[in-house]
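Residue numbering for the sequence shown follows full-length UniProt numbering, starting at 1 and increasing by one per position.
First the structure, in the form of structure tokens, and then the observations on it.
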Amino acid sequence: MKNAKTVTMNILNGLSIGIIVALIPGAIFNSLVNALLPTWPQLAFITVFTGAAQTMMPLLSAVCVGMLAKFTPIQTTSLALAALIGAGNVTAAKSGFALAGTGDIINTGITLAIGYVLILWLGNALKAYTILLMPSILLLVAGGIGHLTLGPVSAFTQAIGIVIKNLTVMQPIVMGVLMGIAFGLLIVSPISTVGIATAITLAGIGAGSANLGVVGTQFALTVYGWSANSFGTSIAHFLGSPKMQMANIFSRPKLFLPILINAGIMGGLGAIFNIQGTPMSAGFGFAGLIGPLAALAGIGHTTAGSLIEVTLLFLIIPVALAIISNVLFTKVWHYHESSDYELNYA
């Protein structure tokens, strides 16, 4: 049987790729399309398509895990059935079923782990009956256990939300730093930043600081892995989601330190400059320009000064900070290397 590290890495990598594939279309197009809808309502189909893509995240992640594990097509698609149940984004409705959101990513990962172990345990024991039994076993056992763990896992996520909500009562700059660190941590974990921000209705300066914490993380990871990754993979960190680095970071926990320093600094700057945000912008950062646009809306009027301020905070400063910290952590302190952040999606 494959060792635990290989299984864990395959699940984290599969989750990461599935998340990126599901979220990238919306991150690239939604803000632009929403701005154009009043003039061209015909473009509404794009947001429908991107929304549908996001709901497929559990299935996409399962397929990626199956491919990384070199499972057979039957094993992989059976794992996808279990993930769909464990994610919790499918609910029974009067006229059929309702599919909404990406589901609980942590519970999706738990369900994938259970299904993965089941597949390894069964091996070739089912022989000619594999096509008859494998889908049902994975759906009922792995999916069923995932369905049972969904409640406790969701409660755990809500508890994290309560802890983060308590940060908003602190002194503004301290709150900004801690909020930036918290969301910098969440954005590279299986926990949904948007889900947390929405659950606690995070808004105002707290959301702005959280938003900039995510931005700091996005650009830090872009710069840190620049020489090891392709151009497309590198920019996907801020056009999409830095969750693509989950496997690298969780396998080398020391990598949390430099990115969370950047996130904390950016969160503190958000509080100092009174940057506003919404639950949605708090979780997305720079992706889809959702964060910068929310900050502009919070200022209340778009002027040359406000555009310069937002450009500095959401682009110039986080990029400069990432470059400086990369020099310090790579050249001066020899703490990490670009290869630590290497991703291969070829």
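Even glycine gets a Cβ: it sits at the ideal position worked out from N, Cα and C.
Secondary structure of L37 (DSSP, three-state): coil. When the Cα atoms are used, L269 and F156 turn out to be separated by approximately 30 Å. When secondary structure is reduced to three states using DSSP, F71 falls in the coil class, being assigned neither helix nor strand.
Taken in chain order, the complete alpha helix (DSSP H) segments of 4 or more residues contained in the region 115-190 are 130-137, 143-167, 172-186. For T91, the enclosing beta strand (DSSP E) starts and ends at 90-93.
In this structure P258 is buried. Its beta-carbon is surrounded by 16 or more other beta-carbon atoms within 10 angstroms. If you look at F97, you'll find it in the beta strand (DSSP E) that goes 96-99.
Taking 8 Å as the cut-off, the Cβ atoms of V310 and A295 count as close. In this structure the region 237-245 does not lie against the region 199-207, because fewer than three pairs of beta carbons, one per stretch, are closer than 8 Å. Look at A203 here: in three-state DSSP terms it is coil, with no helix or strand label.
Distances from the CA of M57 to each of L43, L36, V90 were compared; the closest alpha carbon is that of V90. For I235, the enclosing alpha helix (DSSP H) begins and ends at 231-239.
Distance from D104 to A83 at the Cβ level is roughly 11 Å; contact not present, criterion being Cβ atoms closer than 8 Å. Residue state for L293 is assigned as helix, using DSSP reduced to three classes. Sixteen is the threshold: since fewer than 16 other Cβ atoms of the shown chains lie within 10 Å of the Cβ of A52, the residue is exposed. Of the other Cβ atoms in all chains shown, fewer than 16 fall within 10 Å of the Cβ of N344; this residue is therefore exposed.
Straight across, the Cα-Cα distance linking A98 with L81 is about 16 Å. Distance from the CA of I164 to the CA of Q218, rounded to the nearest whole angstrom, comes to 20 Å.
Closest in C-alpha terms to A228, from the list A93, I28, S192, Y341, comes Y341. Residue environment for L148: exposed (fewer than 16 other C-beta atoms within 10 angstroms of its C-beta). Short of 8 Å from the beta carbon of Y116, and not among the five residues preceding or following it, lie these beta carbons of its own chain, in chain order: V7, N10, I11, V65, A69, L79. Apart from the 5 residues on each side of it in sequence, A207 sits with its Cβ closer than 8 Å to the Cβ of A197, Q276, G277, T278, P279, S281, A282, A294 in its chain, given in chain order. When the Cα atoms are used, I131 and T76 turn out to be separated by approximately 12 Å. Annotated three-state conformation of Y335 is coil, per DSSP. In this structure, V223 keeps its C-beta atom at 8 Å or more from the C-beta atom of A287. In the DSSP annotation of this structure, the continuous segment of the alpha helix (DSSP H) that includes L257 starts and ends at 256-272. N107 and T55 have their C-alpha atoms spaced approximately 15 Å apart. Taking 8 Å as the cut-off, the Cβ atoms of N262 and A210 do not count as close. In the three-state reduction of the DSSP assignment, G208 falls in the helix class, which pools H, G and I.
Note that the C-beta distance between V214 and G184 is below 8 Å. DSSP places T222 within a helical segment (H, G or I) once states are collapsed to three. Sequence-distant Cβ neighbours of I74 in its own chain, meaning closer than 8 Å and more than five residues away, are T130, I131, M134, P135.
When only Cα atoms are considered, F284 and T193 end up about 8 Å apart. For T47, the enclosing alpha helix (DSSP H) begins and ends at 44-55. Per DSSP, reduced to three states, the secondary structure at G285 is coil, with no helix or strand assignment.
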